[in-house]
Amino acid sequence: MKKGNEGVIKTAADLKGKKVGVGLGTNYEEWLRQNVQGVDVRTY
């Protein structure tokens, strides 16, 4: 997160329209894909 944007994301719904990096095959990836619409999930 860029400095100065610390308070912008408070809930998972705030991730809509954002790129979110997660580990490939993790529970975080699966949860994001199933529970948050409109997130650009990037795996590594």
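Position in the sequence shown counted from 1, then plus 1028, gives you the working numbering.
Cβ coordinates follow ideal geometry from the N, Cα and C atoms, glycine included.
On a predicted model such as this, the values are computed, not experimentally measured, just so you know.
| query | result |
| --- | --- |
| Beta-bridge partners of Val1048, as assigned by DSSP | Val1069 |
| Reference Ala1071; option with closest CA among Gln1065, Thr1054 and Gly1035 | Here the sequence assigns Thr to residue 1071, which means Ala is not the residue at that position. Residue Thr1054 is the option with its Cα nearest to Thr1071. |
| Identity of the residue in Asp1042, Gly1051, Glu1034 and Leu1052 nearest Gln1065 by Cα | Asp1042 |
| Sub-9 angstroms separation of Lys1046 and Ile1037 beta-carbons | yes |
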